[in-house]
Amino acid sequence: MAAFVVVGLAGSVLSAAAQEKVTVGVLRFVSSGGLFLAVEKGYFKDEGLDVELKFFEAAQPIALAVVSGDTEFGVTAFTAGFYNLAGKGALKVIAAQAREKKGYEGNLVLASNAAYEKGLTSLDKLSGKSVGITQVGSSFHYQMGQIAAANGFALKSVELKPLQSLPNMVASIKSGQVDAIIIAPHLAKPLVASGEAKLIGRVSDVTEYQFGGLFTSTKMITEKRATVEKFVRAYQKGAADYAKAFLAKDASGNIAYAPDSDATAALVAKHVYPSEESVQAAAKVKGAAFFVDEKARLDVADILTQVQWLKDEGLVDASVDAKSILDLSFIDGHINAN
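Start counting the sequence shown at 27; every next residue gets the next number (our numbering).
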């Protein structure tokens, strides 16, 4: 029996030693739920990867972390800064994160109580108002541009206030320092429920677009392609579980949650709401689930559209070749890729 114990312990040590350590930069967003599920369900471990999640407060620093080698992968929203780095050959987008898609939850537009009382009750009234964003060129900046175009006013008529982080955005709308913000539903809904802000619109009602993605360094692909392949396989399994749990619809077009959706939401909630009671947090996850492609496929044409818009705004260098920042070889069947 002692011999069996020794052999068993030795096997455990070898198994642990065989795990390759990789780090992923990410925000505590429900839209990254596929990544969290792949961690929680052991899909990365099955591929021989020991994945450490490193949490940030804004998207752009994640891109910088991947370029510097502080993390091997990043999962977050696309920004002008990201596209500029990728355009220089430093980064490659290899899979999808979330998309804004009609009929599904997405980023919400909130008005401060003071601005709402003064008439800011809908998206078409944002002209002349101040809107808090994380950074110039962020996904929130891009979304504000799409809202302006859809409602017939110039983006330059809106005062965009870069606040550098999500907590700062939340604080600014609560205090009335800005008239409005665009923010993820898991952060927006508690503000509305508590009466600290007012909901005036949904981005997914205005536009559909590829919100974010999974990316890595060009060096990682060149030197450790097998590791990237393993990571993507596990990541896809997490995306499939996320889509099955939260996104299926019935004949009436309503979300039809899977039997295990509560348990799946609880796993995501461990990373989105780490300090909250599990049942309550899981319910919040279900109510804030972005659309995620079940195979983590990118909407390629939309990424090209984003880059062109950012070029037109002077936020992405004109020399950036949008197609060159994508490596579509890790996943088959990307959307609108021709």
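In this text, a Cβ means the ideal position worked out from N, Cα and C, and glycines have one as well.
Quick caveat: nothing in here was measured; it's all calculated off a predicted structure.
Indicate whether the contact test is met: 3 or more Cβ pairs, each with one atom in the region 78 to 86 and one in the region 316 to 331, closer than 8 Å.
no
- Query: Which residue's Cα is closest to the Cα of Ile199: Ala112, Val56, His360, Ala140?
  - Reply: Ala140
Review point. Secondary structure at Glu46, three-state DSSP: helix, strand or coil?
Key: strand
- Between which two residues does the beta strand (DSSP E) containing Thr102 stretch? 99 to 103
* Have a look at Gly202 and Val196 and give me their C-alpha separation to the nearest angstrom. => 10 Å
Exercise. Determine which residues share a DSSP beta bridge with Phe241 and list them.
Key: Gly100, Val119
By the three-class DSSP mapping on this structure, what secondary structure does Ser156 have? strand
Does Gly51 come out as helix, strand or coil in the three-state DSSP assignment? strand
Practice item. Please name the residue in Ala89, Ala307, Thr49 whose C-alpha comes closest to that of Leu75. Key: Thr49
Practice task
Indicate the three-state DSSP secondary structure (helix, strand or coil) for Gln86 in the structure shown.
Solution key: helix
Going straight from the alpha carbon of Thr253 to that of Gly115, what length do you get? 20 Å
Query - Supposed close pair Phe356, Phe237 - CB separation, criterion 8 Å - result: That belief does not hold up - the Cβ atoms of Phe356 and Phe237 are roughly 19 Å apart, past 8 Å.
Problem - Ranges of the beta strand (DSSP E) found wholly within the region 147 to 202, counting only runs of at least 3 - result: 156 to 159, 185 to 188
request  = Please state if the CB of Leu213 and the CB of Ile366 are separated by a distance shorter than 9 Å.
outcome  = What is shown of the chain runs 27 to 364, which leaves residue 366 out entirely.
Note the first and the last residue of the continuous alpha helix (DSSP H) segment covering Gly107. 106 to 113
CB contact flag (Leu336, Ala175, <9 Å) | no
For Glu78, which beta-bridge partners are listed by DSSP? Thr49
Exercise. Classify Leu225 as helix, strand or coil using the three-state DSSP reduction.
Key: strand
Suppose you measure from the CA of Ser183 to the CA of Gly154; what does that come to, to the nearest Å?
5 Å
- Query: What are the boundary residues of the beta strand (DSSP E) that Val135 is part of?
  - Reply: 134 to 137
Checklist entry - Can the beta-carbon of Val232 be found closer than 9 Å to that of Leu149? => result yes
Margin query: Quick check on DSSP: helix, strand or coil for Lys349?
Written below: helix
Could you give the residue range of the beta strand (DSSP E) that holds Ala309? Premise fails: Ala309 lies in the alpha helix (DSSP H), 304 to 312, not in any beta strand (DSSP E).
Q | Beta carbon of Ala284 nearer than 9 Å to that of Lys275 | A | no
Q. Does DSSP classify Arg125 as helix, strand or coil?
A. strand
- Message: For a test of the three-state rule: what should DSSP assign to Ala210, helix, strand or coil?
- Response: coil
query = Taking contact to mean at least 3 C-beta pairs separated by less than 8 Å, is the region 219 to 226 in contact with the region 128 to 145?
reply = yes
message: Please classify Arg251 as buried or exposed, where buried requires at least 16 neighbouring CB atoms within 10 angstroms.
response: exposed
By alpha-carbon positions, which one of Leu53, Tyr142, Gly113, Gly221 ends up nearest to Glu345?
One point to set straight first is that residue 345 is Ser, not Glu, in the sequence displayed. Of the listed residues, the one whose Cα sits closest to Ser345 is Gly113.
- Do you know offhand how far Ala307's Cα is from Tyr235's? 27 Å
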